[in-house]
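Numbers 343 to 446, taken from this note's numbering, label the letters of the sequence shown in order. Virtual Cβ for every residue (Gly too), placed ideally from N, Cα, C. Keep in mind that this is a model prediction, so the values were computed, not measured. Here is the structure we will look at.
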Amino acid sequence: MSLRRRAATLAGVAVLAIGPAVLLSSPAAAAPLGCTTQYSSTEMWATSHCSAGTGKHQVVVIQRHPAPGVGPILIAGPCVPVGQTSYTGITGWPIDSVRANTCG
């Protein structure tokens with residue numbers, strides 16, 4: 343088999359292997375925008391709400407455990423579509439951060 347024919351065969355095999363993945367892949371979703379977070383350490387809840395964009399988001403809270411060797415406490419709410427509120431209960435430990443995370 344000539345070198346030219348081998349190259350053409352390999353190119354054809356590559357197109358057949360990669361083609362379906364390109365055709366079947368879904369378009370990328372725009373990230374949620376206009377996200378706000380709220381929390382109440384006395385009522386022990388946290389929320390995130392995104393008002394624009396597409397896709398899903400969730401509230402993520404990082405709290406500090408009082409025992410130094412334990413490490414941070416990570417609490418995440420459910421993934422919800424833009425326009426809905428992600429809600430989670432939290433512990434009474436100090437809050438290090440509250441953010442809206444994008445999720446699939």
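- Spanning the alpha carbons of Asn443 and Tyr429 requires a straight line of approximately 13 Å.
- If the five residues before and after Trp387 are omitted, its C-beta is found closer than 8 Å to the C-beta atoms of Tyr381, Tyr429, Thr430, Gly431 and Ile432, all from its own chain and listed in chain order.
- In chain order, Gly395, Gly397 and Thr444 place their CB closer than 7 Å to the CB of Ala373, counting only its own chain and leaving out the 5 sequence neighbours on each side.
- With a 10 Å radius around the Cβ and a threshold of 16 neighbouring Cβ atoms, Val412 comes out exposed.
- For Gly431, the enclosing beta strand (DSSP E) has its first and last residue at Thr427 to Gly431.
- For Cys421, there is no enclosing beta strand (DSSP E), as DSSP marks it with neither H nor E.
- Assignment of Thr396 by DSSP, reduced to helix, strand and coil, places it in the coil class.
- The shortest C-alpha to C-alpha distance from Ile437 to any of Ser390, Ala409, His399 and Leu416 is the one to Leu416.
- For a cut-off of 8 Å, the C-beta gap from Ala418 to Gln405 is around 12 Å, too long to register as a contact.
- Thr384 carries a coil assignment under DSSP once its states are collapsed to helix, strand and coil.
- Between the C-alpha atoms of Thr427 and Ser393 there is a straight-line separation of about 10 Å.
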